[in-house]
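Some notes on the structure that comes next.
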Amino acid sequence: MSKRKQSEMTVELTQQGDLAVLTLNRPKALNALSFAILKEIGEAIDRVADMDVRALLITGAGDKAFCAGADIKELRNRSLVDQKRGAELGQAVFAKLDRLQVASIALVNGYAFGGGSELALACTFRLASPNAIFGLPEIKLGLIPGYGGTQRLPRLVGEGRALEIIMTGRNVRAEEAAQIGLVNAVVEGDLMEAGTAFAAKFTRYSLPVLELARRAVQRASDMPLHEGLEMEADLSTLAYRTNDAEEGMAAFEEKREAQFKDG
Ligand code: DAK
Numbered sequence: 067m068s069k070r071k072q073s074e075m076t077v078e079l080t081q082q083g084d085l086a087v088l089t090l091n092r093p094k095a096l097n098a099l100s101f102a103i104l105k106e107i108g109e110a111i112d113r114v115a116d117m118d119v120r121a122l123l124i125t126g127a128g129d130k131a132f133c134a135g136a137d138i139k140e141l142r143n144r145s146l147v148d149q150k151r152g153a154e155l156g157q158a159v160f161a162k163l164d165r166l167q168v169a170s171i172a173l174v175n176g177y178a179f180g181g182g183s184e185l186a187l188a189c190t191f192r193l194a195s196p197n198a199i200f201g202l203p204e205i206k207l208g209l210i211p212g213y214g215g216t217q218r219l220p221r222l223v224g225e226g227r228a229l230e231i232i233m234t235g236r237n238v239r240a241e242e243a244a245q246i247g248l249v250n251a252v253v254e255g256d257l258m259e260a261g262t263a264f265a266a267k268f269t270r271y272s273l274p275v276l277e278l279a280r281r282a283v284q285r286a287s288d289m290p291l292h293e294g295l296e297m298e299a300d301l302s303t304l305a306y307r308t309n310d311a312e313e314g315m316a317a318f319e320e321k322r323e324a325q326f327k328d329g
């Protein structure tokens with residue numbers, strides 16, 4: 067836990083039922099990511115690892131923005147060494163989401179620009195409100211994305227689309243984001259409720275087995291097919307060794323609902 071008082075925190079972490087909810091709470095600056103906030107996000111993700119939860123929801127306070135990106139005011143007049151460290155900090159914080167034992171869902175309510183889009187891209191899933199607008203506008207500032215956008219966007223939407231979005235810096239509205247696979251769904255109404263319902267579609271399954279599925283899929287684009295298949299054989303065998311696999315298959319035969327125990 068940070069030494070800062072909870073009241074001074076710009077990142078809030080709460081538990082709602084079996085979900086952790088991380089809220090970026092700096093609405094006056096459209097939840098822009100200062101380096102202090104990045105560190106708080108990292109600390110909060112570390113705390114999620116110790117919580118008894120089955121998924122993490124990430125959202126932005128206010129009705130205008132998920133997150134308007136890196137704090138541009140902070141990016142100026144820094145040495146190259148500091149800039150590199152800054153990029154590595156953002157990358158390392160967002161990469162914590164990959165290693166978290168539970169899946170993460172970005173609830174994108176409004177603008178998700180630059181680092182905000184990159185945070186959403188680092189989540190396992192993305193849900194968007196109809197007014198959500200994504201973009202990697204770094205090129206307009208004379209920059210390129212530094213918190214994982216050049217790596218995660220092409221993996222999700224393909225190289226051609228990613229290059230076009232990054233090199234033009236254009237906005238991608240919710241509807242298009244869904245068409246190109248940048249978001250899993252556009253949802254009307256309360257985004258938190260939609261996120262909770264989305265999580266409920268998978269959180270009743272075995273947590274360690276869900277984690278194995280995430281690992282296998284996430285690493286697919288990092289390796290040649292034959293290596294990926296080898297990894298899949300290993301991870302699927304690991305899943306087979308769990309008590310939950312035994313229970314799942316027994317429940318099928320006995321025509322009853324499986325009672326998974328996360329083991
Ligand atoms: N940083 C700091 N303040 C921001 C901000 C941001 N990214 N976005 C908005 N704000 C602040 C505004 O300055 C304004 O503050 P006040 O002037 O009231 O004090 C307040 O939030 C409300 O914003 P607006 O008045 O502009 O609101 P509008 O509705 O008119 O416009 C907008 C909303 C989202 C279209 C607009 O605010 C906007 O264009 N914001 C900037 C979007 C953006 O360009 N984001 C940054 C992308 S670059 C790195 C390398 C690269 C990067 C990071 C690190 N390293 C090597 C370390 C790049 C990262 C990025 O994210």
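Positions in the sequence shown are counted from 1; adding 66 to them yields the working numbering.
Just so you know, even glycine gets a beta-carbon here, dropped at the ideal spot from N, CA and C.
These numbers come from a predicted model, not from an experiment.
Worksheet item: Within the chosen definition, does the stretch 294-314 reach the stretch 256-265 through at least 3 CB pairs nearer than 8 Å?
Response: no
Fill in: C-beta atoms of L222 and L202 nearer than 8 Å
no
Practice prompt. Output the distance between the C-alpha atoms of P220 and M289, rounded to the nearest integer angstrom.
Written response: Going by the C-alpha atoms only, they are around 15 Å apart.
Discussion item. Per DSSP, what are the beta-bridge partners of I138 in this structure?
Written reply: Note: I138 sits in no beta bridge, so no partner.
Worksheet item: Using a threshold of 7 Å, is the CB atom of L96 nearer than that to any non-hydrogen atom of the ligand DAK?
Response: yes
Worksheet item: Is DSSP giving S73 helix, strand or coil here?
Response: Here the model assigns S73 a pLDDT of 48, short of 50, so the residue's position is not dependable, and the following value carries that caveat. Residue state, collapsed to three classes: helix.
Discussion item. Check this for me: beta carbons of L276 and A169, under 8 Å apart or not?
Written reply: Going by C-beta atoms, L276 is nearer than 8 Å to A169.
Worksheet item: When DSSP labels each residue in this structure, what does E157 get in the three-state scheme?
Response: In the sequence on display, residue 157 carries Gln and not Glu. It is helical.
Discussion item. When you compare the CB positions of L99 and G128, do they come within less than 8 Å of one another, or not?
Written reply: no
Item to complete: Compare the C-alpha of D118 against each of P93, I171, Q81 and name the closest.
Response: Measuring from the Cα of D118, the nearest candidate turns out to be Q81.
Fill in: C-alpha distance - L104 paired with G215, whole-angstrom precision
16 Å
Item to complete: Within the same chain, show all residues whose beta-carbon is closer than 6 Å to that of A110, passing over the 5 residues directly before and after it, in chain order.
Response: V77, L79, L88
Discussion item. Counting C-beta neighbours from all protein chains within 10 Å, is the total for P196 16 or more, i.e. buried, or is it exposed?
Written reply: exposed
Item to complete: Mind checking which residues open and close the alpha helix (DSSP H) that includes F318?
Response: 309-319
Worksheet item: R239 to F200, Cα distance in whole Å?
Response: 6 Å
Discussion item. Considering only heavy atoms of the ligand DAK, does any lie closer than 7 Å to the CB of Q149?
Written reply: yes
Discussion item. The beta strand (DSSP E) that contains G126, what's its start and end?
Written reply: 121-126
Worksheet item: When we look at the beta-carbon of A158 and count the other beta-carbons within 10 Å, is it buried (16 or more) or exposed?
Response: exposed
Worksheet item: Buried or exposed: D148, going by 16 or more other Cβ atoms within 10 Å of its Cβ?
Response: exposed
Practice prompt. Note the first and the last residue of the continuous beta strand (DSSP E) segment covering L99.
Written response: That residue, L99, is in no beta strand (DSSP E); it is neither H nor E in DSSP.
Discussion item. The ligand DAK and L141: does any heavy atom of the ligand fall closer than 7 Å to the residue's C-beta?
Written reply: yes
Worksheet item: What is the DSSP secondary structure of A266, counted as helix, strand or coil?
Response: helix
Item to complete: Note down the Cα distance separating K267 from A121, rounded to an integer number of angstroms.
Response: 11 Å
Discussion item. Considering only their Cβ atoms, is the gap separating K206 from G176 smaller than 8 Å?
Written reply: no
Fill in: Alpha-carbon spacing of L185 relative to A311, whole angstroms
33 Å
Worksheet item: For the putative contact between F132 and G182, defined by C-beta atoms under 8 Å, what is the C-beta separation to the nearest angstrom?
Response: Between G182 and F132 the Cβ distance is about 5 Å, and since that is below 8 Å, they are a contact.
Worksheet entry | A169: first and last residue of the uninterrupted beta strand (DSSP E) it sits in | 169-174
Fill in: Bounding residues of the alpha helix (DSSP H) (the contiguous stretch that carries L185)
181-188
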